[in-house]
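Only one structure is covered here, and it is reproduced in the block below.
There are 2 protein chains.
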Amino acid sequence: MTSLPAGATTDDPDVLDAYRTDRATFCPSGTPRALVRARSLEDVVQTLRWAHEHGVPVVPQGTRTGLSGGANALDGCVLLNVEKLDRIVEIDVEEQIAVVQPGVINATLAAAVAEKGLYYPPDPGSKDISSIGGNVATNAGGMCCLKYGVTGDFVRALQVVLADGRVMRTGRRTAKGVAGYDLTRLFVGSEGTLGVVTEVTVALRPATARPLAAIAFFDTTADACRAVADHLGAGIRPAALELMDAATVAAVNRLKDLGFPDGVGAVLIAQSDAGTRAPEELAAFELSARKCAATDVIVSDDPAEADLLMQGRRLAGLSFEQYPATLVDDVCVPRRNLAALVDGIERIAAEYGVLIATCGHAGDGNMHPAVLFDHDQAVAAQQAFADVMRLGLELGGTITGEHGVGFLKREWLARELDEAALWSHQQIKQALDPRGILNPGRVINSTATGRTEVDQRSF
Amino acid sequence: MTSLPAGATTDDPDVLDAYRTDRATFCPSGTPRALVRARSLEDVVQTLRWAHEHGVPVVPQGTRTGLSGGANALDGCVLLNVEKLDRIVEIDVEEQIAVVQPGVINATLAAAVAEKGLYYPPDPGSKDISSIGGNVATNAGGMCCLKYGVTGDFVRALQVVLADGRVMRTGRRTAKGVAGYDLTRLFVGSEGTLGVVTEVTVALRPATARPLAAIAFFDTTADACRAVADHLGAGIRPAALELMDAATVAAVNRLKDLGFPDGVGAVLIAQSDAGTRAPEELAAFELSARKCAATDVIVSDDPAEADLLMQGRRLAGLSFEQYPATLVDDVCVPRRNLAALVDGIERIAAEYGVLIATCGHAGDGNMHPAVLFDHDQAVAAQQAFADVMRLGLELGGTITGEHGVGFLKREWLARELDEAALWSHQQIKQALDPRGILNPGRVINSTATGRTEVDQRSF
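Chains as they are written, first to last, in the UniProt record's numbering: chain F, 1 to 459; chain D, 1 to 459.
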C-alpha cells in the first residue's frame, strides 16, 4: 500500500492556500488535498506512485512564477512542489556542463557558473525568482535568446519521474547524440503534463565579455521596427535587441526618472557582448537607428553605463504593477510583421478602452503586450488579450513565445495547431500518462482525470 | 478503395533492386513489393493511406546515403522515396529562414542561401550527396556543429505525413514558440518511424567570413587530445576542430600526397570563421598545440590555403574505400574521455587483428572509428565494432553522435537507454503509428508489422 511521503506532506489549509497559484491573471485555482514539498527523488517517486495508484491529479510546481496558470491547484489534487530540490549537483568546467536539481533559481545557477568562467545564457525576466525546473517546463526564453537560444537549446539531459513513479533518464552528457527519439526536447516545454523533472543537465558556454549597450529613441514604433530589421539584416547578432513602446516608457517614467524624454514614440536597446568587437556592433546599431529616423542614440562606453541603459527595460514589469491589474501576453511573430503587431495592438487597446503597454524581445519578434486596467475593466481586458493572440496568429505567429500555454491559453492552442498536431498531442499524453494524472487539463484539454475513483481515506 | 499512386509507382525488379539499400555495411535488405518515387505531397499521402489500410510496411528513403541501414528495404515493403521532392520552396532573407522539400541536397541548399548572403551551417560529411530530409531523419551533424549546432538546432517547422496519411504541421516560422509539445524535435532524428517529412523550414544565419585554418602534428593522439581540451578551455569556439589518428593519416597518404609527414602520431585541424578575429583564434590554437607537444603547426594566411589544410580530413572517407571493406562507427564521448576512447580503440584493433582508423569531430567528442578489413575478417570486424560501442558507453558516451540507430545499432539502443526510456519510445511509436507500418524494426524493436494481413492483389 502506497502513501504520500509523510515527512514532506501537509494538508494544513493555510499552507495549501499559500501554494495554490502561480502569477497568472484570470486563471482559476482549485482546492488541493495536500502539498508535498519534495526534498528527495524518493519523495517525488512516492508521490507519483501513490497518485497513480489512486488516480489523483498531481500539479508539479517550482517557485510558481509562471504566467499561464500551469501550476495552479486543481480541486482534490496533490501539489508536488520541488523548490526544495535546489542543489547544484555539479559544475564540470572541462565539459562545460552543469547538473542541477529543478528548484535551483536561474540567477543562482548563472552566478555559480560565472564564478568558474562559464556562462548559462537563458535569462527569463523572472531569472531572480524562477527555477530551472520551471524554465525547463515552459522552455523559457529571455533577452539573450536572440543570440544564444532558449532554455531547451541548453538542456542536454533530464532525469524525469514518469506518471507511475518510474525514474527515466533522457539525453546524455555528451555534446552530440542521436540514439533514439529526442525525449529531452519532448519533455522540455511540456509543462508538467508528461512527467516531473528531478534533475537537469545543462550545457554552458565560455564566459563572454561584460556587455556594452546602446539606446535609440524614435517618434514611432514603425521606425523602431524598421531599425530592428535593418540592424539584423546587416548580419549582426546582438546579445539583446529590446523594444519599448510609448506606453511602456510612460509607465517606467512614472516609476523612476531615468531621463527618458517625455512623448517618445518608441525605444530600442541593443546589447553586445562581443568584447573588442562590441563598439563596432553598436556603431552598426546606431547607423541602422539613424537611418530609420531615430531622434537620438546614446552608445555606452563602459559596462556600468550599459547596465544603466538596460535599466528602463528591466523595470518595465515592475512599472506595470503600479496599475490596478495587468494581463501580460507573449505573442511572437515573424520579424517583418512586428510593426503590424504593435500597430494592431494599439487599435485593440483603443477599441476596448484599455491601456496596452508593449515591450519585448524585438529581435525575436516576441512581444509582451501588457493589458493595464482597472478591476471593473476585467471583461474588456480579457477580450483585448484574446484579440492580441488572434492578431498574432493572423500575422503568422504563435500565441506563446516563451511563457507557455498552461491553463490560460489552452483554448487557443487548438487554434494554433492543426487537427493532426492536436491528435498527436493527445496520443502522446495518453501514451505517457495513461491515467491522466499529470497536470490534467493544462496545455491540452485532456479527458477526465479519474478523480471520482479517489479513495479519500488514502491520505 | 485506395491504391498506390499509379504514375509514381514501379514494381520492376531491377529498379527495386537499385533502391534496396543505403550505404550501411552488414545490414540486411529485404525484397520490396514496390517503389514509390513521390513527386508531390499527394503521392506521399496516397501511399501512406494505402499502406495503412493494408498494413503494409513503408520504408521512407531520401538519397540513401545513411550509414545504419535505416533506409534498407524490408520484405514486402513499399519503398517511399522522396528524393524527387527536391524544390527549394522559399528563401526568406529578412526572416533568415528557408523552406525546402526533403529531397533537396544539403550542399544545394547551402549554396542557394550563400548566394543571398546567408549560411546553413549543418555540414555532414555526406553534404554533397545527402538530402535535407535524410539529415532531418537522422539529426545529422558535421564539422561546423561544434560552433553552430546540429540539424535539429536549425529546424523550425516540419510538414509531416502521419502513418494514416494525415498531413500535420509542427513548429512555426517564428524565432521562438512554445505552444504545445515540441513535435518538431520529436520527429527530427526519428528515422522515418513516426512519419514522413515532406517539408522542412530551416533557420539560417548571416554569412560568415571564409574560414582560415591551422594544422598541428603530434607524436601521440594523447597529446592531440590534450590540445583539444586546452584550446576549448581557453574559451574559444572554433568553427571546426578535427582529429585524425595515425592510421587515418596513413590511409590518406596512400590516396594522395598532401605532404603529411610519415610516422605522424596524430593530426589536429582547427578552423575559424571569425573574420578579423580568426588569426587571433588560430594563434590561440597554435599556443595550445605547442603547449601539448605539437611537433609542428602550420597556420594558414588565406582561405584558399586553409581549404588545402582541410583537404586531408575531407579525403579520409574516400581513403578508407581503398580497403576491401569498411565499417564506420560514430561514438561520442565526453571530451575528457577522448584520449581514453582513442587508446581503447587501438587496443580493440590489436585484439581482433583489424585496422581501425579513427578520425572525427574532436571538439564534440564525436569520433568515427572506421574498421578497415578484408572480407574474410567480417566476424572480427563486427566484434571490434561492437567493442568500440561498448567502450563508448563505458566512457559515458553514446553509441551514435550523428549517424542514427537504423537497423545497425538497434540492439545497442537498449543498452544505452534505461527501461523507462525504452518504454517511452515504444509508447510513442505505438501512439503515433498504431499499426506499426512506418519503418518497422528500425530504431526500436517494434512488434509485428501486420504484414500477414497484406492483400497481395492491392497493388
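Yeah, the Cβ is synthetic: ideal placement off N, Cα and C, and Gly gets one too.
Source: prediction; values computed, not measured.
Cβ-Cβ distance between residue i and residue j below 8 angstroms
{"i": "F:ALA349", "j": "F:ALA384", "result": "yes"}
{"i": "F:HIS361", "j": "F:MET143", "result": "yes"}
{"i": "F:GLY312", "j": "F:LEU258", "result": "yes"}
{"i": "D:PHE407", "j": "D:ASN72", "result": "yes"}
{"i": "D:HIS403", "j": "D:PRO324", "result": "no"}
{"i": "D:CYS359", "j": "D:ALA316", "result": "yes"}
{"i": "D:LEU282", "j": "D:LEU212", "result": "yes"}
{"i": "F:ASP266", "j": "F:ASP296", "result": "This sequence places Ala at residue 266 of chain F; Asp is not what is there. In this structure, F:ASP296 does not lie closer than 8 angstroms to F:ALA266 by Cβ."}
{"i": "F:VAL200", "j": "F:ALA137", "result": "no"}
{"i": "D:PRO32", "j": "D:LEU79", "result": "yes"}
{"i": "F:GLU95", "j": "D:ARG336", "result": "yes"}
{"i": "D:LEU183", "j": "F:SER130", "result": "no"}
{"i": "D:ILE132", "j": "D:LEU118", "result": "no"}
CB contact check: residue i to chain F, cutoff 8 angstroms
{"i": "D:ARG185", "result": "yes"}
{"i": "D:ASP348", "result": "A small correction: the amino acid at residue 348 of chain D is Ile; Asp does not occupy that position in the sequence shown. For D:ILE348, the answer is no, since every Cβ of chain F falls outside 8 angstroms of its Cβ."}
{"i": "D:THR447", "result": "Its pLDDT being 44, under 50, D:THR447 is placed unreliably in this model, and the value from its coordinates should be taken loosely. Closer than 8 angstroms: no."}
{"i": "D:ASP387", "result": "no"}
{"i": "D:SER190", "result": "yes"}
{"i": "D:ARG335", "result": "yes"}
{"i": "D:THR452", "result": "Note that D:THR452 scores a pLDDT of 29, beneath 50, so its modelled location is shaky; the value from the coordinates is reported in the next line. It does not: the Cβ of D:THR452 has no partner Cβ on chain F nearer than 8 angstroms."}
{"i": "D:GLU95", "result": "yes"}
{"i": "D:GLN271", "result": "no"}
{"i": "D:ALA227", "result": "no"}
{"i": "D:ASP11", "result": "no"}
{"i": "D:GLY142", "result": "no"}
{"i": "D:SER300", "result": "no"}
Min CB distance residue i to chain D below 8 angstroms
{"i": "F:ARG169", "result": "yes"}
{"i": "F:ALA6", "result": "no"}
{"i": "F:ALA157", "result": "no"}
{"i": "F:VAL405", "result": "yes"}
{"i": "F:MET332", "result": "It should be noted that the sequence gives Cys, not Met, for residue 332 of chain F. Chain D contact via Cβ: present."}
{"i": "F:ASN135", "result": "no"}
{"i": "F:ASP455", "result": "For F:ASP455, the predicted structure reports a pLDDT of 33, less than 50, and the residue's modelled location is therefore unreliable. A value from the coordinates is still provided. Closer than 8 angstroms: no."}
Of the residues the options, the one placed nearest residue i, counting alpha carbons only
{"i": "F:VAL202", "options": "F:GLY149, F:SER68, F:TYR323 and F:GLY192", "result": "F:GLY149"}
{"i": "D:ARG205", "options": "D:ILE91, D:LEU327 and D:HIS403", "result": "D:ILE91"}
{"i": "F:ARG314", "options": "F:ASN253, F:GLY392, F:ALA111 and F:LEU74", "result": "F:ASN253"}
{"i": "F:GLU242", "options": "F:GLY344, F:ASP364 and F:GLN427", "result": "F:ASP364"}
{"i": "F:GLY441", "options": "F:GLY70, F:ASP86, F:ALA216 and F:GLY134", "result": "F:GLY70"}
{"i": "D:ALA209", "options": "D:ALA278, D:PHE217 and D:ALA247", "result": "D:ALA278"}
{"i": "F:GLY344", "options": "F:ASN139, F:ALA386 and F:ARG23", "result": "F:ALA386"}
{"i": "F:ASP245", "options": "F:LEU268, F:ILE236 and F:ALA227", "result": "F:LEU268"}
{"i": "D:GLY177", "options": "F:LYS429, F:TRP412, F:THR47 and F:THR398", "result": "F:THR398"}
{"i": "residue 479 of chain F", "options": "F:GLY134, F:VAL188 and F:GLN382", "result": "With chain F covering only 1 through 459, there is no way to say anything about residue 479 of chain F."}
{"i": "D:GLY180", "options": "F:LEU438, F:GLN430 and F:GLN426", "result": "F:GLN426"}
{"i": "D:ASP11", "options": "D:ARG23, D:CYS27 and D:ARG37", "result": "D:ARG37"}
{"i": "D:PHE218", "options": "D:GLY55, D:VAL249 and D:LEU48", "result": "D:VAL249"}
{"i": "F:ALA24", "options": "F:CYS77, F:VAL58 and F:GLY66", "result": "F:GLY66"}
{"i": "F:ALA51", "options": "F:ALA214, F:LEU4 and F:TRP412", "result": "F:LEU4"}
{"i": "D:SER319", "options": "D:ALA251, D:THR221 and D:ALA304", "result": "D:ALA251"}
{"i": "D:TYR352", "options": "D:PRO334, D:VAL388, D:ARG336 and D:ASN337", "result": "D:VAL388"}
{"i": "D:LEU74", "options": "D:GLN271, D:ALA240, D:GLU411 and D:ASN439", "result": "D:ASN439"}
Limits of the alpha helix (DSSP H) - the one that residue i falls within
{"i": "F:MET310", "result": "303-320"}
{"i": "D:PRO279", "result": "278-291"}
{"i": "D:ALA110", "result": "106-114"}
{"i": "F:MET389", "result": "378-394"}
{"i": "D:ASN135", "result": "132-138"}
{"i": "D:ARG49", "result": "41-54"}
{"i": "D:THR31", "result": "Careful: D:THR31 lies outside any alpha helix (DSSP H) and carries neither H nor E."}
{"i": "D:PRO13", "result": "13-18"}
{"i": "F:GLY275", "result": "Here F:GLY275 belongs to no alpha helix (DSSP H), and DSSP marks it neither H nor E."}
Limits of the beta strand (DSSP E) - the one that residue i falls within
{"i": "F:ASP343", "result": "No beta strand (DSSP E) holds F:ASP343; the alpha helix (DSSP H) holding it covers 338-352."}
Contacts that residue i makes with chain C (C-beta to C-beta distance below 8 angstroms)
{"i": "F:THR174", "result": "Here chain C cannot be found, since the structure's protein chains are F and D."}
Counting pairs of Cβ atoms below 8 angstroms between the segment 426-439 of chain F and the segment 7-20 of chain D, do you hit three or more?
-> no
Would the segment 313-332 of chain D and the segment 363-383 of chain D be scored as touching if the rule is three or more Cβ pairs under 8 angstroms?
-> yes
Kindly confirm or deny that the segment 284-295 of chain F and the segment 229-239 of chain F touch, where touching means at least three C-beta pairs closer than 8 angstroms.
-> With a cut-off of 8 angstroms on Cβ pairs, the segment 284-295 of chain F is in contact with the segment 229-239 of chain F, counting three or more such pairs.
Would you check if there are 3 or more beta carbon pairs closer than 8 angstroms linking the segment 115-128 of chain D to the segment 149-165 of chain F?
-> no
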